[in-house]
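The listed protein sequences derive, respectively, from chains A and B.
Heads up, my numbering is the position in the first sequence plus 13, with the first residue counted as 1.
Heads up, my numbering is the position in the second sequence plus 11, with the first residue counted as 1.
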Amino acid sequence: MSEKYTISCLVENHFGVLARVSGLISARAFNIDSLTVSTTEDPTISHMTIVVDADPVKLEQVKAQLGRLIDVIEVQELKEGQYLDRELLLARVNANGSARAALEQIAQRFGAKIADANDYSMVIEAAGDTKALDRLVEQLRAHQITKLVRTGRIALEK
Amino acid sequence: MKGAKILVECLRREGVQVAFGIPGGANLPTFDALYQEPSIKVVLTVHEQGAAHMADGYARATGKVGVCLATSGPGATNLVTGLATAFMDSIPIVALTGQVRTSVIGNDAFQEADTIGITRPVTKHSYLVKDPRDMARVVREAFYIASTGRPGPVLIDLPVDATVNEAEFAYPESVDIRGYRIQGAPAIQMQQIERVAKAIAGSKRPILYAGAGVIHAGAAAELAQLAHTARIPVTTSLLGLGGFPETDPLSLGMLGMHGFEYTNYAVAQCDLLIGVGARFDDRVTGKPDEFARHAKKVHIDVDPSSVNKTVLIDYPVIGDVKQVLRELNTRVGPVDSAAWLATIEEMRKKYPLTYREKKKLLPQYVIQQISEATRGDAVIATGVGQHQMWAAQYYQFNRPRSLVTSGGLGTMGFGLPAAIGAQFGRPDAIVWDIDGDGSFQMTSQELATAAQHKLPVKVAIMNNQHHGMVRQWQDQFYEGRHAQSRLNAVDFVKLAEANGCLGLRVEQKDGVRPAIDRAMKTTDRPTVIEFVVEEAENCWPMIAPGKPHDQMLGTFEMLSKEGGVPQRRRAEADEESKLSLG
Numbered sequence: 014m015s016e017k018y019t020i021s022c023l024v025e026n027h028f029g030v031l032a033r034v035s036g037l038i039s040a041r042a043f044n045i046d047s048l049t050v051s052t053t054e055d056p057t058i059s060h061m062t063i064v065v066d067a068d069p070v071k072l073e074q075v076k077a078q079l080g081r082l083i084d085v086i087e088v089q090e091l092k093e094g095q096y097l098d099r100e101l102l103l104a105r106v107n108a109n110g111s112a113r114a115a116l117e118q119i120a121q122r123f124g125a126k127i128a129d130a131n132d133y134s135m136v137i138e139a140a141g142d143t144k145a146l147d148r149l150v151e152q153l154r155a156h157q158i159t160k161l162v163r164t165g166r167i168a169l170e171k
Numbered sequence: 012m013k014g015a016k017i018l019v020e021c022l023r024r025e026g027v028q029v030a031f032g033i034p035g036g037a038n039l040p041t042f043d044a045l046y047q048e049p050s051i052k053v054v055l056t057v058h059e060q061g062a063a064h065m066a067d068g069y070a071r072a073t074g075k076v077g078v079c080l081a082t083s084g085p086g087a088t089n090l091v092t093g094l095a096t097a098f099m100d101s102i103p104i105v106a107l108t109g110q111v112r113t114s115v116i117g118n119d120a121f122q123e124a125d126t127i128g129i130t131r132p133v134t135k136h137s138y139l140v141k142d143p144r145d146m147a148r149v150v151r152e153a154f155y156i157a158s159t160g161r162p163g164p165v166l167i168d169l170p171v172d173a174t175v176n177e178a179e180f181a182y183p184e185s186v187d188i189r190g191y192r193i194q195g196a197p198a199i200q201m202q203q204i205e206r207v208a209k210a211i212a213g214s215k216r217p218i219l220y221a222g223a224g225v226i227h228a229g230a231a232a233e234l235a236q237l238a239h240t241a242r243i244p245v246t247t248s249l250l251g252l253g254g255f256p257e258t259d260p261l262s263l264g265m266l267g268m269h270g271f272e273y274t275n276y277a278v279a280q281c282d283l284l285i286g287v288g289a290r291f292d293d294r295v296t297g298k299p300d301e302f303a304r305h306a307k308k309v310h311i312d313v314d315p316s317s318v319n320k321t322v323l324i325d326y327p328v329i330g331d332v333k334q335v336l337r338e339l340n341t342r343v344g345p346v347d348s349a350a351w352l353a354t355i356e357e358m359r360k361k362y363p364l365t366y367r368e369k370k371k372l373l374p375q376y377v378i379q380q381i382s383e384a385t386r387g388d389a390v391i392a393t394g395v396g397q398h399q400m401w402a403a404q405y406y407q408f409n410r411p412r413s414l415v416t417s418g419g420l421g422t423m424g425f426g427l428p429a430a431i432g433a434q435f436g437r438p439d440a441i442v443w444d445i446d447g448d449g450s451f452q453m454t455s456q457e458l459a460t461a462a463q464h465k466l467p468v469k470v471a472i473m474n475n476q477h478h479g480m481v482r483q484w485q486d487q488f489y490e491g492r493h494a495q496s497r498l499n500a501v502d503f504v505k506l507a508e509a510n511g512c513l514g515l516r517v518e519q520k521d522g523v524r525p526a527i528d529r530a531m532k533t534t535d536r537p538t539v540i541e542f543v544v545e546e547a548e549n550c551w552p553m554i555a556p557g558k559p560h561d562q563m564l565g566t567f568e569m570l571s572k573e574g575g576v577p578q579r580r581r582a583e584a585d586e587e588s589k590l591s592l593g
């Protein structure tokens, strides 16, 4: 059974580390759902949040393999309910006439903002956990999304 | 001090005595600095692949870190097979590659290749040194990483400017790598060891399954103590051969695809399988979920990612194999294994290793003769294929670091350069390369390297004019269609002579021993013996891929019906080899 797992890694902040991590995961034929890299409070350390599609046995393998990388300082699996996660979404949707009001309502319900708008379209900006954003996208689909970008998940243990 | 000089000074402090490689545009400063360092011998090889395998053979035979050098671009790409070979078998190598100047990296400069990128999946770690101020730290870390934990190859990519620019030399006294788990490793879990001791005490049919980790950790004596105290028989993987003397009555020899018949039966029947420094490779397990299916499984290994990778383990113990075995030895007493040992003895007699005599010379006989002539005391390098499996079956390995073979990657062409590296590391040892004609030809140009240094390396080519293992599989699984498995005829005697080696050809049984003896007496140059052997001989027994251990092909029963002759192995314990275990 394949499921989505969130792995949080602390890594050295120098060139080539991202290639090592992504290369390792792809060499073992895992699909990366999302991967974010960012700086931390320590400028020599970066933080990676990796969401992978795997079965539990393979997940243990990937964690152990990540642990073997010299540039990976810490590997942690974030378990459901034990972490906060957020991502940022930008979606351009068609918005003429009657659609505008409906879109504004959706945005309000999800705590999203209208980041940009013209006569034909609107850009919705939303931040939230993955599931909430998934629901938002479902609602927006009715209004024809012409472009959608998401940052991928960042996560912090509780 | 120039970067290259710092590099060489660090190599000297790491105790490097020999390095293998080829100079070129981007690594001239390094070679120039090495040229001026009298304590390090630099061996020019014919091809960079040879340099990597020599460093590998040196490391396997001595336990020290092997060093190889290549220039940028094609020099570095030629190392890749050697690095992958060392990576799969956890062999400590430091590879030093030249690189174009940092200012033109990424510009498709002459002889530029993304060496770090190309070698990333086949190295334990790699470094690009952009600034000579980092040189000393990087070299120190590279040797540390290569040789500790689960060992492996480390590559240092050296742009020209990092080797010619000046920096102050300060040797780091200690190594501190925060992401390297060996440093912050948790203490060995004593509770787990207690559980293993209990499982051993409660078992009726235990088997120890030892891998190369026993040899890497220098734990052969601890393994022998455990086996003898608890009276547990020991089987080894291919790379574990030598980790437990095969003359010991408790030795079961090799298991797996071409392992002994009785050994595989024993594994199929055991109730406790204790894996020590072995990784449950598919050539060992066959069908993973049927592997030792009646047994609880223990796995002692330094690498957490090896545990539960192919076979689910009941008692994992992560830690240095030597330390874990020491702890275990204080907690284990004799096991009630008398009935089990008797069963195994019966199977050993009933299902011996067998081959049918043929008109033409047989490679098994040749290898038996080499084993007798050297009393299992030589360093044996091999290529990959039938001859490799026959060497594992018919040579009796009694000491750690006596087999130098490419197990995981199965690299044909490994034998000769690896034998050369082993001979450089152990000048007083008798070193044989048992090779096949297919494997040998992939790197035979290195005969020139061996002759140049007057190395007494001995090469025994089992010439069957085929890629023999491919031909065997084609006969077995592809209805005998020999697609490109027949090799071109080569006069190996002339090839040997052209390279400055002694060349001999043997076609009859009575010529085997005299040729071996002549090679043993020839100490001023390499000897190449071409044994013209039976082309159609197959390597038995064999577990077909994906089949369980008790369904073997080429069993004693099958072969003996058609005139197979059982081969008894030398059984007396070798006092000398016992002593050398420590």
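No residue lacks a Cβ here, since even glycine has one placed at the ideal position from N, Cα and C.
Note the first and the last residue of the continuous beta strand (DSSP E) segment covering residue i.
{"i": "E16(A)", "result": "16-25"}
{"i": "I63(A)", "result": "58-67"}
{"i": "F31(B)", "result": "29-32"}
{"i": "D444(B)", "result": "442-447"}
{"i": "K601(B)", "result": "Outside the displayed span of chain B (12 to 593) sits residue 601(B), for which this structure offers no information."}
Could you give the distance in angstroms between the alpha-carbon of residue i and the alpha-carbon of residue j?
{"i": "A232(B)", "j": "M265(B)", "result": "19 Å"}
{"i": "N475(B)", "j": "G447(B)", "result": "8 Å"}
{"i": "T19(A)", "j": "L91(A)", "result": "5 Å"}
{"i": "G32(B)", "j": "I167(B)", "result": "14 Å"}
{"i": "I83(A)", "j": "L283(B)", "result": "35 Å"}
{"i": "E587(B)", "j": "D439(B)", "result": "Residue placement at E587(B) is flagged as unreliable, the pLDDT there being 44, under the threshold of 50; a coordinate-derived value is accordingly withheld."}
{"i": "R459(B)", "j": "R242(B)", "result": "Looking at the sequence shown, residue 459(B) is not Arg but Ala. So the two alpha carbons sit approximately 49 Å from each other."}
{"i": "A181(B)", "j": "A147(B)", "result": "7 Å"}
{"i": "R595(B)", "j": "G224(B)", "result": "Beyond the ends of chain B as shown, which are 12 and 593, falls residue 595(B); an answer cannot be given."}
{"i": "P374(B)", "j": "Q280(B)", "result": "32 Å"}
{"i": "S214(B)", "j": "M569(B)", "result": "33 Å"}
{"i": "L90(B)", "j": "L107(B)", "result": "10 Å"}
{"i": "K126(A)", "j": "A289(B)", "result": "57 Å"}
{"i": "A584(B)", "j": "F255(B)", "result": "Any answer about A584(B) is weak, because its pLDDT of 47 lies below 50 and its placement is not dependable; what the coordinates show is given next. Each residue's alpha carbon lies about 12 Å from the other."}
{"i": "K558(B)", "j": "E301(B)", "result": "8 Å"}
{"i": "V309(B)", "j": "T247(B)", "result": "15 Å"}
Looking only at its chain, what residues have a beta carbon closer than 7 Å to the beta carbon of residue i, apart from the 5 residues adjacent to it on each side?
{"i": "L339(B)", "result": "I204, V207, A208, L237"}
{"i": "S591(B)", "result": "Residue confidence is low: S591(B) scores 37 on pLDDT, short of 50, so the model does not pin down where it sits. Its coordinate-derived value is still stated next. R410, listed in sequence order."}
{"i": "P162(B)", "result": "S101, I102, P103, H227"}
{"i": "Q95(A)", "result": "E170, K171"}
{"i": "G80(A)", "result": "V88"}
Would you give the residue range spanned by the alpha helix (DSSP H) that residue i belongs to?
{"i": "L107(B)", "result": "Here L107(B) belongs to no alpha helix (DSSP H); instead the beta strand (DSSP E) covers 104-110."}
{"i": "R294(B)", "result": "293-296"}
{"i": "A130(A)", "result": "Unbroken run through A130(A) is the beta strand (DSSP E), 126-130; no alpha helix (DSSP H)."}
Excluding the five sequence neighbours on either side, which residues of its own chain have a C-beta within less than 6 Å of the C-beta of residue i, listed in chain order?
{"i": "K589(B)", "result": "With a pLDDT of only 42 at K589(B), under the threshold of 50, the placement of this residue in the model should not be trusted, and no figure is reported."}
{"i": "K595(B)", "result": "No information on residue 595(B) is available, as it lies outside the stretch 12 to 593 that chain B covers here."}
{"i": "L153(A)", "result": "A104, V106"}
{"i": "T538(B)", "result": "K469, L513, A530"}
{"i": "E48(B)", "result": "V19"}
{"i": "I119(A)", "result": "Q152"}
{"i": "T159(A)", "result": "R105"}
With a threshold of 8 Å on Cβ separation, who are the neighbours of residue i within its own chain once the five nearest residues in sequence on each side are excluded?
{"i": "D132(A)", "result": "N109"}
{"i": "V76(B)", "result": "E25, V27, A70, P103, I104, V105, F154, A157, S158"}
{"i": "R412(B)", "result": "R71, A72, T73, G74, I226, G253, V390"}
- Message: By the 7 Å beta-carbon criterion, what residues does the region 319-348 of chain B contribute toward chain A?
- Response: So the close ones are N319, K320.
- Task: Identify each residue in the region 25-51 of chain A for which the Cβ-Cβ distance to at least one residue of chain B is less than 7 Å, and report them in chain order.
- Result: Those would be E25, G29, A32, R33, G36, A40, in chain order.
- Item | Stretch-stretch touch, CB-based, cutoff 8 Å, three pairs: the region 374-383 of chain B with the region 418-433 of chain B | Short answer: they don't touch.
- Query: Any residues in the region 258-284 of chain B with a beta carbon nearer than 8 Å to a beta carbon of chain A? Which ones, in chain order?
  - Reply: Hits within the stretch: zero.
- In chain order, what residues of the region 68-84 of chain A put their CB closer than 8 Å to some CB of chain B? Here the close residues are V70, E73, Q74, A77, Q78, G80, R81, L82, I83, D84.
- Item | Near-chain A residues of the region 115-138 of chain B (beta-carbon distance less than 9 Å), N- to C-terminal order | Listed in sequence order: I127, G128, R131, P132, K135, H136, S137.
- Mind listing which residues of the region 83-110 of chain A have their C-beta closer than 7 Å to chain B's C-betas, in chain order? Answer set for the region 83-110 of chain A: I83, D84, V85, I86.
- Message: Along the region 168-202 of chain B, where does the CB come closer than 7 Å to a CB of chain A? Name the residues.
- Response: For the region 168-202 of chain B, which is checked against every Cβ of chain A, the residues closer than 7 Å are I188, R189, G190, Y191, R192.
- Which residues, in chain order, does the region 147-169 of chain B contribute to contact with chain A at a C-beta distance below 7 Å? Considering only beta carbons, the part of the region 147-169 of chain B lying closer than 7 Å to chain A consists of I156, in chain order.
- At a Cβ cut of 9 Å, what residues of the region 305-318 of chain B count as close to chain A, listed as they run along the chain? Listed by position along the chain: D314, P315, S316, S317, V318.
- Does the region 34-44 of chain B come close enough to the region 391-411 of chain B that 3 or more CB-CB pairs lie under 8 Å? The answer is no - the region 34-44 of chain B does not touch the region 391-411 of chain B, with fewer than three Cβ pairs under 8 Å.
- Meets three-Cβ-pair contact criterion under 8 Å: the region 354-369 of chain B and the region 255-274 of chain B: As far as the Cβ criterion goes, the region 354-369 of chain B touches the region 255-274 of chain B, which means the pair count is three or higher.
- So, do the region 475-495 of chain B and the region 505-519 of chain B have three or more beta carbon pairs nearer to each other than 8 Å? Using a C-beta cut-off of 8 Å, the region 475-495 of chain B makes no contact with the region 505-519 of chain B, since fewer than three inter-stretch Cβ pairs fall below that distance.
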